[in-house]
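Residue numbers (the numbering used here): 124 to 836. Note that beta-carbon positions come from the ideal geometry of N, C-alpha and C, so glycine has one too. So the structure is just underneath, and the comments pick up after that.
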């Protein structure tokens, strides 16, 4: 691969990109193990695809906000390095597929020219911070959460506390108690609140922790009903530090925060978080509350009506009723644009930009259901905007309705996909629009489909949900969908997870949904929503209702072929990369420890004392883990590394301990403010420990070699 000029003004960003280029070169030369390299590239948004030899690039779009210029830049990048397609995700990111690994540094450098990052889009990091797309324009919001989501994103980007956790960590901000950002299934969620304290109006948040989907869903705990806005960054830091230290690191299936809280108990988790605050650089972090407004907002014409006669067409009226809402800013509207399967070509993207740039605000939001929200659309521009979208086949009514089905990419590109989700969704949406057109107005009945049980399509939150699976038939395996019913968002950080009912062949999903809908419309009581009907009837009722579709006695041969496929179905599940693999090689761990101590020195020189302290802490944990591993002592968390060192070595190990345990020596960072003096002393301690540990290991290796003992030591 050839080197390139980054043309990036930010030295931290430039260093990041050049480091990725260097690591790719060393990986090709065999100097970096594949597992270690996987962890590094994931933290930079480079994700292995189902198809060998190419990568999926996840572009981090904080709270889903894009300008026209940024959208055009991403389209250019897709044409140059990818397939000419943009895929919108449920985490408000944009993904590009089939990208060469060697192209990723240059691709990233070009994105950064318009302030678009890949950093921490994947891997064991804080992922993209999501938010309600309506934030800032919602008539019902207490205040705009966008500045707080933005401040937290910027504070955590490249922050040492979230660079090498046991698993990923997800954060969401909802605009109102309607919880359109789904805080209740996030590791950390915020819902805006206003309280009167001593006669003063105080802005704050209800805080949710420990939610998650995946193969085993958990609803979040209410950590606090109200904390002032200036406390959200310190609280987030404290929670992340506890998760980093206490979280599982060997069994990735149990490494999310939801499992940590379940293991130690919610009250014990709260105690750890509160104790952690003593080691923070600040317990109050004021955030500038000015709303983040677009650089361009078209003027409002309140007196002269529309820029063209109002179209009386029924399709226009349906679009107005289902895809448009009045903003809290007088004279402006938000307009939702349905993007089928979250995929939009670069050709259509540029047509979209040309048609709308200047008509609406320069602020487009990717929504959590893989669509787009146009903001600051003047009332008098609505007919023109509709006409422009209609010409691009993007004026489909029924946003966020039963006809707006969410799906992950499934077996199209994902290593973990079992059966096709996108193919099933395309067929199902087409069927429903023809058979049940009035469902474009139905907001209390959602359908979501994932390609596997890991819930990227959020199937567990749907009233009718499906996830990919397989069934063994007389002629071999056939693609299947697990039916889940009764999920959904309630309000104020509360929700419900769907219940597993039955597994059916994938090709029968249309008939199964038809049976569910017909029974619902026939059996429901007056104004009864689907989940109330589901609760009243019970699981067994729906099992019996759908049981005929699970009967495998009269299978058609076409049912052995998945949606969008031509060959007979077979499972081809690869290794998922939703988190990096931990490398337990002694020398690699010692190298990583030295690297983190070097980062600490860099942070100290830059007077970022809190960063210096945390890098130093990480360096000491890696050093201890290395020499414990050399003794065949394996640990599943950073906290267990500290305890195991004391239990195994005591005062006889490489580090000379006087009147203290190793755990106390390292965790002094939780009891000391991160001052310059403490950072200097703490780094000196880490350097000494690393030198003594390296020397100890070298001596052990020499002794083992002399005795003919060839081991990992």
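{"Asked": "Going by C-alpha to C-alpha distance, which of 315, 334, 319 sits closest to residue 272?", "Found": "315"}
{"Asked": "State the Cα-Cα distance for the pair residue 681 and residue 570, rounded to the nearest angstrom.", "Found": "24 Å"}
{"Asked": "With 16 as the cutoff for other CB atoms within 10 Å, does residue 802 come out buried or exposed?", "Found": "buried"}
{"Asked": "Just curious, the beta strand (DSSP E) that residue 724 is in, first and last residue?", "Found": "Segment 709-728 is the alpha helix (DSSP H) holding residue 724; no beta strand (DSSP E) there."}
{"Asked": "Go ahead and pull the three-state DSSP assignment for residue 813.", "Found": "helix"}
{"Asked": "CB-CB under 7 Å to residue 632, same chain, minus the five flanking residues each way: which ones, in chain order?", "Found": "547, 551, 589, 604"}
{"Asked": "Look at the Cβ atom of residue 577, then the Cβ atom of residue 609, and state whether they are nearer than 8 Å.", "Found": "no"}
{"Asked": "Tell me the DSSP secondary structure of residue 569 in three-state form.", "Found": "coil"}
{"Asked": "Just confirm the distance between the C-beta atoms of residue 302 and residue 616, as a whole number of angstroms; I'd bet it's less than 8 Å.", "Found": "6 Å"}
{"Asked": "Look at the Cβ atom of residue 628, then the Cβ atom of residue 602, and state whether they are nearer than 8 Å.", "Found": "yes"}
{"Asked": "Is residue 397 closer than 8 Å to residue 349 when the C-beta atoms are compared?", "Found": "no"}
{"Asked": "Tell me whether the beta-carbon of residue 144 lies closer than 8 Å to the beta-carbon of residue 236.", "Found": "no"}
{"Asked": "Just the C-alpha distance for residue 621 and residue 659, rounded to the nearest angstrom, thanks.", "Found": "15 Å"}
{"Asked": "Name the DSSP bridge partner or partners of residue 468?", "Found": "208"}
{"Asked": "Could you give the distance in angstroms between the alpha-carbon of residue 185 and the alpha-carbon of residue 164?", "Found": "20 Å"}
{"Asked": "I'd like to know whether the C-beta atoms of residue 684 and residue 636 end up nearer to each other than 8 Å.", "Found": "no"}
{"Asked": "Does the region 148-164 touch the region 207-223, meaning 3 or more C-beta pairs lie closer than 8 Å?", "Found": "no"}
{"Asked": "Does DSSP classify residue 341 as helix, strand or coil?", "Found": "strand"}
{"Asked": "With burial defined as no fewer than 16 other Cβ atoms inside 10 Å of the residue's Cβ, what is the status of residue 409: buried or exposed?", "Found": "exposed"}
{"Asked": "Taking C-beta to C-beta, are residue 275 and residue 168 nearer than 8 Å?", "Found": "no"}
{"Asked": "Do the region 219-239 and the region 256-264 meet, that is, are 3 or more Cβ pairs less than 8 Å apart?", "Found": "no"}
{"Asked": "Would you decide whether residue 469 is buried or exposed? Buried here means 16 or more other CB atoms lie within 10 Å of its CB.", "Found": "buried"}
{"Asked": "Would you report the Cα separation of residue 135 and residue 280, rounded to the nearest angstrom?", "Found": "11 Å"}
{"Asked": "Tell me whether residue 561 is buried or exposed, calling it buried when 16 or more other Cβ atoms sit within 10 Å of its Cβ.", "Found": "exposed"}
{"Asked": "Are there three or more Cβ pairs, one per stretch, closer than 8 Å when the region 446-456 is compared with the region 174-193?", "Found": "no"}
{"Asked": "In terms of residues, what are the limits of the alpha helix (DSSP H) holding residue 613?", "Found": "Neither: residue 613 is in no alpha helix (DSSP H) and is coded neither H nor E."}
{"Asked": "Exposed or buried, which one is residue 822 when buried takes at least 16 other CB atoms within 10 Å?", "Found": "exposed"}
{"Asked": "Do the CB positions of residue 399 and residue 361 come within less than 8 Å of each other?", "Found": "yes"}
{"Asked": "On a Cα-Cα basis, can you pick out the residue from 491, 796, 328, 250 that is closest to residue 460?", "Found": "491"}
{"Asked": "In the DSSP assignment, find the beta strand (DSSP E) that holds residue 440 and state where it starts and stops.", "Found": "Here residue 440 belongs to no beta strand (DSSP E); instead the alpha helix (DSSP H) covers 437-446."}
{"Asked": "In this structure, does DSSP put residue 653 in helix, strand or coil?", "Found": "helix"}
{"Asked": "Thinking C-beta only, is residue 591 closer than 8 Å to residue 542?", "Found": "yes"}
{"Asked": "Do residue 716 and residue 777 come within 8 Å of each other at the CB atom, strictly closer than that value?", "Found": "no"}
{"Asked": "Which partner residues of residue 592 appear in the DSSP bridge assignment?", "Found": "603"}
{"Asked": "Who are the near neighbours of residue 412 in its chain, counting only those whose CB is closer than 6 Å to its CB and skipping five residues on each side?", "Found": "270"}
{"Asked": "Quick check: the Cα distance between residue 480 and residue 737, rounded to an integer number of angstroms?", "Found": "45 Å"}
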